[in-house]
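Numbering (this note's numbering), first residue to last: 179 to 888.
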Ligand code: IVH
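Set out below in structure tokens:
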């Protein structure tokens, strides 16, 4: 029996919504909540359903678009050539079909370039007349973020191209110098060039770099730099990055290039683009790029036919564990550029390349016990306590079991031997039980019927996977967690920690958010260890938090499923809490980013009179419940930026100046080395332009300025 249409429609919507959420966590927040493997599984489920029911395939489906990394605070530019993604598989068999599809398009044998798939963040560099002029992130594939200044701090990326035109000058000979794949013998190490042994290869004169081209690759963080960074973050009580990819992507999006410079990022490049490039093959393009001083991986190899490709993959499955940086697979590309052109692209990826991805590493250990944790929304998460075991470089002691269904599906018993795997988060998860090693004393864990904290009977809704403690207003753990969320940096940014919340709560000084703003110095001074200064600091910070923009307040309220970004989108759509409270289900669903689940959650939140009462109290205390469009500071987008303006704009210069101030920037009269941007309008002063150019200061136009403050 086929899959019902109705089910397919619903599931396609669900998967699309879920994948969009994961895209945001991955590309914008740099903190994924699932592993790449699970992500790829969801994507392939969606693709299969869309294939069976093409009537539900939308152009904006996550299978048709690449996730976007576009971030506020960076100028954005259109890519000259779209920046696509790659098809992928975990299955060797599928590589044979990939090869078959390609062989249908050509007569002769096919040569493939096999390369490591570096696990970092994609970058596109533009060189003009030998000079690096721009570095863009992938963005949404069409428009990327300008991270040039940050990229310039990466030592392996040349600002200027060196070119010595004769092979005899020590320039590696061109092309062809890919050797055959490494089959495990060290003396056969596959490298891109074999420059030492110039007799065995055809020396051809190196090709000069074109006047205008793009070169793309990956910015990554080697393990050593990653460990150093995380150690430092832990010391400073900041959340460590889950993996080197997130660390690389997060670092590249720092506003201050000086910070980027300290992060130890590195780069590898693997794709050259431009009009009429003088190359016949991909390997030739890369060997030349290498001779121009670009960082090109030494681990690539040319493979004759799919058999050699598979040998290459097998040899790296083990060897990659000894590399000083993270890789998540092998990229296989048709080497002949004419054949590449013939094969072309789908909406999302080239037909001439694919990625074989390695399955995540796993470790075997024993389950000692299960704890049941209560979260801010009352959701119960079972967490496994494990016998400590080594996994991809760290010791694992705990793992998430997600929910009761997951535990049942795993058929997990206390005392079982279990496999753990690292997902996107730091906390790993249990993927399966080694049943052959279960002994007769192993016990099924008893899922609690009552909240381990407040004792309320747990509830489980049909359509949700987790159990919930329904006592959201009185369960101590939930309330404390809600406060911790409320004060957090991206919410109200109140300078206090979990310990302070604990103290205030235990003393009965806070039970809803409005109580925080009722605290007095006298009350604070009665708390253990509190002095005049610490009390004043907290009160000052509470006062300052009243100026937090509406979207931060909305996020701080902790409405289920409303994350930081959703809160921003809701605010830009509804403008005020009154409009949001008045919104019907239809009004909510009309907003692109709001699906059924979010709409339901918002309606439920505002249906509770206690919440309405608290919001009114907070409003009376001066918190913002409206999008600020004119008065006061609009954003921190230009915080720390000094801007000189010159020329005429679509609005008056006075208006531009007040916009700069409203977004936290500083306006000065003349260009100096301290200037961040020269904002040049029509008929901008040539002197100012010249000076800015000489000092390497970025010149932006009104459109870019508007994007910066948007
Ligand atoms: S080629 C149109 N080669 O993996 C061809 N990509 O999952 C695009 N990646 O978007 C890419 N190592 O960010 C290529 N040797 C390699 C790569 C590589 C890592 C990344 C790249 C790409 C992503 C796809």
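Note that CB positions come from ideal geometry on N, CA and C, so glycine has one too. The model shown is predicted, which means the values in this text are computed figures rather than measured ones.
For residue i, verify whether its CB is less than 6 Å away from any heavy atom of the ligand IVH.
i           : result
residue 264 : yes
residue 448 : yes
residue 296 : yes
residue 329 : no
residue 435 : no
residue 225 : no
residue 300 : yes
residue 396 : yes
residue 806 : no
residue 486 : no
residue 216 : no
residue 512 : no
residue 548 : no
residue 293 : yes
residue 232 : no
residue 206 : no
residue 598 : no
residue 561 : no
residue 325 : no
residue 528 : yes
residue 749 : no
residue 509 : yes
Tell me whether residue i is buried or exposed, calling it buried when 16 or more other Cβ atoms sit within 10 Å of its Cβ.
i           : result
residue 873 : exposed
residue 245 : buried
residue 829 : exposed
residue 550 : buried
residue 651 : exposed
residue 499 : exposed
residue 362 : Caution is warranted here: a pLDDT of 36 is assigned to residue 362, below 50, making its placement in the model unreliable, and the coordinate value is therefore given only provisionally. Exposed, because fewer than 16 other Cβ atoms sit within 10 Å of the Cβ of residue 362.
residue 849 : buried
residue 356 : For residue 356, the pLDDT reaches just 40, beneath the cut-off of 50, and the residue's location in the model is therefore unreliable, although a value from the coordinates is still provided. Buried, since its Cβ has 16 or more Cβ neighbours within 10 Å.
residue 477 : buried
First and last residue of the alpha helix (DSSP H) that includes residue i?
i           : result
residue 501 : Note, residue 501: premise wrong, no alpha helix (DSSP H); not H, not E.
residue 214 : 214-230
residue 796 : 787-798
residue 751 : 742-752
residue 280 : 270-281
residue 882 : 880-887
residue 585 : 582-588
residue 469 : 460-469
residue 889 : Residue 889 lies beyond the residue range present for the chain, which begins at 179 and ends at 888; the question has no answer from this structure.
residue 398 : Where residue 398 is concerned, there is no enclosing alpha helix (DSSP H), although the beta strand (DSSP E) it sits in stretches over 390-398.
residue 681 : 676-684
residue 714 : 710-723
Per DSSP, residue i forms a beta bridge with which residues?
i           : result
residue 656 : Paired residues: none, contrary to the question.
residue 528 : 523
residue 567 : 574
residue 649 : DSSP lists no partner for residue 649.
residue 628 : 635
residue 339 : Paired residue(s): none; residue 339 is not in a bridge.
Can a CB atom of chain B be found closer than 7 Å to the CB of residue i?
i           : result
residue 284 : Although the question refers to chain B, the structure presented lacks it and comprises just one protein chain.
Can you give me the start and stop residues for the beta strand (DSSP E) that residue i sits inside?
i           : result
residue 189 : That residue, residue 189, is in no beta strand (DSSP E); its alpha helix (DSSP H) goes 183-201.
residue 305 : 299-306
residue 482 : 479-482
residue 259 : Careful: residue 259 lies outside any beta strand (DSSP E) and carries neither H nor E.
residue 326 : Taken as a continuous stretch (DSSP letters only), residue 326 belongs to no beta strand (DSSP E), being part of the alpha helix (DSSP H) at 326-329.
residue 891 : Nothing about residue 891 can be reported from this structure: the residues present for the chain run from 179 to 888 only.
residue 765 : Segment 763-767 is the alpha helix (DSSP H) holding residue 765; no beta strand (DSSP E) there.
residue 833 : Taken as a continuous stretch (DSSP letters only), residue 833 belongs to no beta strand (DSSP E), being part of the alpha helix (DSSP H) at 831-840.
Quiz prompt | the stretch 637-653 / the stretch 549-567 touching (three or more Cβ pairs under 8 Å) | solution = yes
Quiz item: With contact counted as at least three CB pairs below 8 Å, one residue from each stretch, are the stretch 318-329 and the stretch 422-442 in contact?
Solution: yes
Exercise. Would you check if there are 3 or more beta carbon pairs closer than 8 Å linking the stretch 751-761 to the stretch 820-836?
Key: no
Quiz item: Are there three or more Cβ pairs, one per stretch, closer than 8 Å when the stretch 210-222 is compared with the stretch 535-544?
Solution: yes
Quiz item: Are there three or more Cβ pairs, one per stretch, closer than 8 Å when the stretch 456-475 is compared with the stretch 279-288?
Solution: no
Exercise. Check whether the stretch 722-729 touches the stretch 784-803, counting contact only when three or more Cβ pairs, one atom from each stretch, lie closer than 8 Å.
Key: yes
Practice problem: Give a yes or no on contact between the stretch 232-239 and the stretch 268-278, applying the rule of three or more CB pairs nearer than 8 Å. | Solution: no
Quiz item: Would you say the stretch 203-212 touches the stretch 237-253, given that touching needs at least three Cβ pairs under 8 Å?
Solution: yes
Exercise. Inspect the CB distances between the stretch 502-518 and the stretch 576-593 and report whether three or more fall short of 8 Å.
Key: no
Practice problem: Check whether the stretch 787-799 touches the stretch 689-702, counting contact only when three or more Cβ pairs, one atom from each stretch, lie closer than 8 Å. | Solution: yes
Practice problem: Please confirm if the stretch 652-666 is in contact with the stretch 574-584, defined as three or more CB-CB distances below 8 Å between the two stretches. | Solution: no
Quiz prompt | Any 3 or more C-beta pairs closer than 8 Å across the stretch 860-874 and the stretch 812-819 | solution = no
Quiz item: Are three or more beta carbon pairs between the stretch 832-844 and the stretch 774-792 nearer than 8 Å?
Solution: no
Quiz item: Just checking, does the stretch 481-496 make contact with the stretch 309-316 on the three C-beta pairs under 8 Å criterion?
Solution: no
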